Every structure is written in structure tokens, then in C-alpha cells.
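Numbering (this note's numbering), first residue to last: 113 to 485.
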Ligand code: SF4
């Protein structure tokens, strides 16, 4: 393929077409993050990006010519099979068209670092080349968004930017500082409100476990306050996993940061939810989250969502440990899965054998989680 793409995108953008505007992360200093470690940030020129989009357009035309040769005017399964057989390098574009060719995600970690006029030009060019595109989204750091004016954000909206995904992580300033996030809660609020004022959809990510065992209450409370003020369209819940290669690891080894356990994560999540009065969607679409069922439309689903957390916390300790282990091993997806006797028994056998071998379950779960992406 004659165009460049990066490796990272939000889970719900898996079916989008990726257009790479910058490489890696311009900040790259967050203590808990190792996604772009040892990778240097660089900008791409507008010309390079336009050439990528033209190459994607050319790929689209080739795929559609395969479709025509089969008497189709769109990409069907038969067309996909033909592309797979004769031009596998076109498969990504073919799949994108098969799924409707509607969504585009701009990469990598912070396209809002680009000058507004350039970003608007690129988005307009994408829409011009691919009239089927309905949604264009990107990651944007709070600090970069704060450098825009609302008018400039409106210009992006008019060009076709639909949504900004932003890593808020926490609303508690001492933690933002400790984790070297490079932003304050006040800046999170400023950036979030500006994005909303410009009419762009906003998705904020929060990180359970960000305060470790020491600051979970402060983290939950201040994050709820900041997010209630912003009231983003989406709040996506993520869970901190201390990856061995992340700079946070040294603080864990020295005991300065104690990783939160699953019961603590659930209590933190409940405290956050009880104090968050947003009106958007809560989404929990990540394998590292203990309770995937924590999602819904607020405020109407809040009681049900808090009920999910309470269901976990009200289980007897051994059953909580069973669910925690089964979830982390990938055997359970939802709380109700533990009602399957065979599955429950399978997890219980592992749990009892770990105990017999003198393993600390909390440590085992934490280590296991650190192996996930
Ligand atoms: S801004 Fe995002 S991608 Fe960059 S280091 Fe921080 S968490 Fe990682």
C-alpha cells in the first residue's frame, strides 16, 4: 500500500479508515504510558498526507473495478474474496468499503497539535475524495486543544471533524502532576467546554486505578466533579495496567505507588458514578475493565449501572475473587457468566490451585493484567 498508517486507534474505530497526520505522541511523558516509548514524534507535511489520501482513493478505484468485473456496484463478500485472491494489499480499503466507507480516524496520538488551517484542509480533502465519509474523528490532547480558539474549532467542525477522543484520565491535580500528564483539571474543563461549544462530539477517557490504593477517593471524587462540569457526550472507562516497560513501574517497585486491586477498583468506580451527573453515554468497552456491563445512557441508566457495581461488591469474598480471576483470565465477560456452573467450576479450580501453590491472587491478577495491551 502506498500510504502510511499508525498502529493505535480507539477500539470503536477498528472499522474506520486510518489516515496518519502525525507520527507517535508529541508529549510522550505520561508515567503510566508506554505506547510510544522510544518512538520519536514527527509531523507529516500536508503534501505527504494529501498524497496518502490520493493513494487511498486509487486503491478504492481498483477495488471498485474488481466489483464491476463481478457485475457489482458495491463491495460484496464475493468482491472481498476476489481482492483477497488477486490483490491482498487492497484488502484494508476493500474491508472499509464493505463496511460502508463511512468512518475515518486521524492518527496518531494528538492530531490537534497540527495548525488549525492545515487540519481543516486535510479533513476537507478527505471528504472531497471520499463523499461516502460521514464521520471523521481524532485523538486530541487537552493541552493542544487549549491552544485553539472556539472559532478555530468551529472551522474544524465545518470542515467535517465529528468527534475528538481525549484522555482526561483524572480530575485530581496532584495525580495529574505525579503521572506527568502535563495538564491540569482546569485545562481539561476549558478544552472540553470549548470542544462542545464548537459543536464537536467529545469522548473523554478516564482511568480507574490512576490513584493507586492511596488516592482512589480523591481521584474518583475530583474526576466526577470535572466530568460533571464538562458533561461530555461520551465517557469511556479504562483501567490502569502497570506495564513493565512503563516509567510507573519504578514507583511500583519502590512502593511509592500501590496498584489498586479489583475490589478497590469497583469501590472507586462506584464512588465516581455516585458523584457524576452527566447526561451523555458511559461506555466500558475495554478488556482491562473489571465490569464491562457498566454502560448506558445517563441519567436514565445510572441506577442500573451503579447496581452492576453493587452486585459485584455484594458477592461473598471468595466469589468476588472467583469473578476477578475469571474475568482477568478471559473466561468471564459479564457477571452473569459466573452463573454457568461448568465455567464457575473451571475458574474455581484455577483459584484453588493458585492458593495451594501459595500464590497471592491479587498479585497474580495484577501481573496478568500487565501483559494485556
Ligand atoms: S499523551 Fe497519551 S499517548 Fe502521549 S504519553 Fe500521554 S497517555 Fe501516552
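We treat Cβ as the ideally placed atom computed from N, Cα and C, and that holds for glycine.
Bear in mind the structure is a predicted one, so any value in this text is a computation, not a measurement.
According to the DSSP assignment, residue 434 belongs to no beta strand (DSSP E) but to the alpha helix (DSSP H) extending over 429-440. By alpha-carbon distance to residue 164, the top candidate from 183, 188, 194 and 132 is 132.
When C-alpha distances from residue 222 are compared across 120, 453, 296 and 445, the shortest belongs to 120. Ranked by Cα distance from residue 270, the first of 143, 202 and 233 is 233.
In this structure residue 469 is not in contact with residue 434, their Cβ atoms being roughly 17 Å apart against a cut-off of 8 Å. Around the beta carbon of residue 160, fewer than 16 other beta carbons sit within 10 angstroms, so the residue counts as exposed. DSSP places residue 277 inside the beta strand (DSSP E), whose first and last residues are 273-281. Nearest Cα to residue 423 within the set 405, 413 and 409: 405.
Cβ neighbours of residue 218 within its own chain (closer than 6 Å, five residues either side excluded): 131, 133 and 250.
For the pair of segments examined, the region 305-321 was found not to touch the region 164-178: the number of CB pairs separated by less than 8 Å stays below three. Residue 316 has 278 and 347 as its beta-bridge partners, per DSSP.
Beyond the five residues adjoining it in sequence on each side, residue 456 comes within less than 6 Å, by CB distance, of 450 in the same chain, given in chain order. By the Cβ criterion, the region 370-378 is not in contact with the region 388-397, since fewer than three pairs of Cβ atoms, one from each stretch, lie closer than 8 Å. Within the model, the alpha-carbon separation for residue 171 versus residue 157 is close to 21 Å. Nearest to residue 280 by C-alpha distance, out of 445, 266, 126 and 299, is 299.
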